[in-house]
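Visitor:
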Amino acid sequence: MGRNITNPVRNYFKNNENTDKWDFQRNQASNLEKHISKNHADEWDSLKKEKEYSDNRKPKKLKKSNNKETDDFSNSEKTITITIDKEKLLKACTELVTVHGCAYNLMEYSGFKKIILPILDDLGNPISINAKNIRRNNTSHDRTKKRHTAENIKDLLINALDEFQISIVNIHSITCDNGSKMVKTMEIINEKVC
């Protein structure tokens with residue numbers, strides 16, 4: 001079910017009886033209008049009158065908003081007040097990287113800075129949100145040139161736990177994907193604990 005075709009320009013074009021096709025793209029009223037305006041001056045004048053008449057007969061739709069706040073917002077700048085402390089802000093930015101998979105350099109984007117700088121100014125503490133600080137706030141991240149075997153992944157995990165002085169027996173659960181290497185890594189770690 002399509003839109004109602006109301007533009008009277010289509011009345012000026014006829015179906016080609018030999019090919020049973022229209023001579024012009026019938027769905028593009030603007031193309032038809034351009035053709036008539038350039039090539040058929042008399043028809044163009046009568047078409048303009050027909051369009052004015054049909055436009056005057058249509059009921060006008062008035063856009064009226066009952067919401068005072070949205071009317072004010074569209075006409076002037078609106079300021080907001082938020083309640084956030086340094087730790088919440090840092091955790092939220094870290095979550096962008098760790099949970100949502102954004103790149104560290106998101107913190108350096110000009111659009112992100114336009115949002116974050118007014119908040120940092122109001123916090124008063126001389127802190128900065130940048131890739132370096134967010135990296136430092138993560139528990140651990142390591143690059144390796146070794147193959148990603150189950151044994152090597154286990155070693156990376158054990159080294160990260162040692163770095164933060166966390167015993168493997170204090171780990172109650174590990175969430176990982178269902179890849180064969182990760183499953184094998186978890187089996188190896190489970191054997192080590194038991």
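Heads up: the sequence shown at position 134 corresponds to 134 in the UniProt record's numbering, and the numbers run straight through without jumps. Even for Gly, the Cβ is constructed at its ideal location relative to N, Cα and C.
So residue 174 and residue 186 are supposed to be a Cβ contact under 8 Å. How far apart are they, rounded?
Guide: That pair is a contact at about 6 Å.
Visitor: What do you get for residue 93, buried or exposed, if any count of 16 or more other CB atoms within 10 angstroms of its CB means buried?
Guide: By the neighbour-count rule (16 or more Cβ atoms within 10 Å), residue 93 is buried.
Visitor: When the Cα atoms are used, what is the spatial distance from residue 32 to residue 111?
Guide: Going from the Cα of residue 32 to the Cα of residue 111 covers about 43 Å.
Visitor: For residue 134, count the other beta carbons within 10 Å of its own beta carbon; 16 or more makes it buried, fewer makes it exposed. Which is it?
Guide: Label assigned to residue 134: buried.
Visitor: Kindly indicate which three-state DSSP category residue 118 falls into: helix, strand or coil?
Guide: The answer is helix: DSSP assigns residue 118 an H, G or I state.
Visitor: Specify, as a first and last residue, the run of the alpha helix (DSSP H) that residue 186 falls within.
Guide: Note, residue 186: alpha helix (DSSP H), 180-193.
Visitor: Alpha carbon to alpha carbon, how far is residue 29 from residue 10? Give it in angstroms, no decimals.
Guide: Those two C-alpha atoms are separated by around 7 Å.
Visitor: Can you tell me which of 52, 7, 155 puts its alpha carbon nearest to the alpha carbon of residue 181?
Guide: If we check each option's Cα against that of residue 181, 155 comes out closest.
Visitor: Exposed or buried, what is residue 47 when buried is set at 16 or more other beta-carbons lying within 10 Å of its beta-carbon?
Guide: It is buried - the Cβ of residue 47 has at least 16 other Cβ atoms within 10 Å.
Visitor: Tell me where the alpha helix (DSSP H) around residue 81 begins and ends.
Guide: Neither: residue 81 is in no alpha helix (DSSP H) and is coded neither H nor E.
Visitor: Counting Cβ pairs, one atom from each stretch, are 3 or more of them under 8 Å apart for the stretch 96-114 and the stretch 142-160?
Guide: Short answer: they don't touch.
Visitor: So, for residue 62: in the same chain, excluding its five sequence neighbours on each side, which residues have a beta-carbon less than 8 Å away from its beta-carbon?
Guide: Reliability fails at residue 62, whose pLDDT of 47 lies under 50, so the model's placement of it is uncertain and no value is given.
Visitor: How many angstroms separate the CA atom of residue 97 from the CA atom of residue 131?
Guide: When rounded, the distance between both Cα atoms is 10 Å.
Visitor: Ends of the alpha helix (DSSP H) at residue 131?
Guide: Residues 131-137.
Visitor: Please confirm whether residue 115 and residue 89 have their CB atoms less than 8 Å apart.
Guide: The answer is no: Cβ separation not under 8 Å.
Visitor: Put residue 44 into one of helix, strand or coil per three-state DSSP.
Guide: Helix.
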